[in-house]
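Everything below concerns the one structure shown next.
Residue numbers (the numbering used here), protein chains in the order written: chain A, 1 to 157; chain B, 1001 to 1142.
This is the structure we're talking about:
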């Protein structure tokens, strides 16, 4: 790959082209079965389907909060990468999740994450999980991510 | 073992884990000694988040810690069922390697309506936690 330091990439477009690959290479994401549906610069959308093996409350059939955490953590991380001008890994520093109401049994959850600020070392993100609209939230997330120095593909600086 | 020392809630912890599909998906189990519980997440390939560096997925670790915190609240309370989470904050301190993960949770405050819980996960060295969690649970029955 010809990597010139000043070269600017449309990371969001590259991510959109590889929308399924991004999940397929992550074993735990395959286990929780979420899909990424759309990538814009600094903004990522996804769907978390209801699955029997993800249920966290056998009485209500509601999926476990940890699934939503996994889902929003991933979308936030992708939102960070999509906001950049060169492909870099990010690592979660911390993530806060607030649970507003339980998700409904059998319904898929829509997730949306945005990276609203970016420094040389850190990305700031927030995310939402809901069934229909952001007016009726299941959960929100706020996360900070560290930007790794190494570029994807391992080429040196 | 002296039966008077064992916690009767310990058997319930085991039963909850067995009927929770998501706990089975993670593959976690718990060992209870009195009011002290250690949760164990045996390593499995599906828990990987980054294939290149063979690191555990942060979401899998967070799920494990949330369940550990929830079960610890249940263990030290007289609630009929495990509490519901209100919110949680996860600090990713170190990379989780492709190895077994352990966790313990501490109920910092058991209130009438809410419980504050801290949980930590570690691998070979307990003094070097991989991930820390702070969570609030709703413990009121109404």
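We treat Cβ as the ideally placed atom computed from N, Cα and C, and that holds for glycine. Quantities reported herein were computed from a predicted structural model and do not represent experimental measurements.
Within a Cβ cutoff of 8 Å, which residues of the same chain sit near residue i, ignoring the five residues on either side of it in sequence?
i: residue 62 (chain A); result: 55, 56, 102, 103, 104 and 105
Helix, strand or coil: which one does DSSP assign to residue i?
i: residue 1045 (chain B); result: helix
i: residue 1053 (chain B); result: coil
i: residue 1024 (chain B); result: helix
i: residue 1131 (chain B); result: strand
i: residue 1061 (chain B); result: helix
i: residue 1089 (chain B); result: strand
i: residue 1031 (chain B); result: strand
i: residue 48 (chain A); result: strand
i: residue 121 (chain A); result: coil
i: residue 104 (chain A); result: coil
i: residue 1105 (chain B); result: strand
i: residue 1068 (chain B); result: helix
Just to confirm my understanding: we take residue i, look at its own chain, exclude 5 residues before and 5 after, and list those with CB closer than 7 Å. What are they?
i: residue 37 (chain A); result: 45, 46 and 47
i: residue 41 (chain A); result: 12, 82 and 83
i: residue 1099 (chain B); result: 1043 and 1123
i: residue 79 (chain A); result: 42, 43, 44, 113, 114, 115 and 125
In terms of residue numbering, what span does the alpha helix (DSSP H) encompassing residue i cover?
i: residue 67 (chain A); result: 65-82
i: residue 32 (chain A); result: 27-32
i: residue 17 (chain A); result: 11-17
i: residue 24 (chain A); result: 21-24
Please look up how many angstroms separate the CB atoms of residue i and residue j, rounded, as I've assumed it's under 8 Å.
i: residue 1106 (chain B); j: residue 1118 (chain B); result: 5 Å
i: residue 30 (chain A); j: residue 23 (chain A); result: 7 Å
i: residue 1063 (chain B); j: residue 1026 (chain B); result: 6 Å
i: residue 1022 (chain B); j: residue 67 (chain A); result: 7 Å
Is it buried or exposed for residue i, if we count other Cβ within 10 angstroms and need 16 for buried?
i: residue 58 (chain A); result: exposed
i: residue 1128 (chain B); result: exposed
i: residue 116 (chain A); result: exposed
i: residue 1080 (chain B); result: exposed
i: residue 1113 (chain B); result: exposed
i: residue 53 (chain A); result: exposed
i: residue 1033 (chain B); result: exposed
What are the boundary residues of the beta strand (DSSP E) that residue i is part of?
i: residue 1012 (chain B); result: Element bounds for residue 1012 (chain B): not the beta strand (DSSP E) but the alpha helix (DSSP H), 1009-1019.
i: residue 1098 (chain B); result: No beta strand (DSSP E) contains residue 1098 (chain B), which DSSP labels as neither H nor E.
i: residue 1114 (chain B); result: 1114-1122
i: residue 40 (chain A); result: 35-40
i: residue 91 (chain A); result: 88-99
i: residue 56 (chain A); result: 55-57
Leaving out the 5 sequence neighbours to the left and right, which residues in its chain are closer than 6 Å to residue i when beta-carbon positions are compared?
i: residue 1060 (chain B); result: 1047
i: residue 39 (chain A); result: 12, 15, 16 and 82
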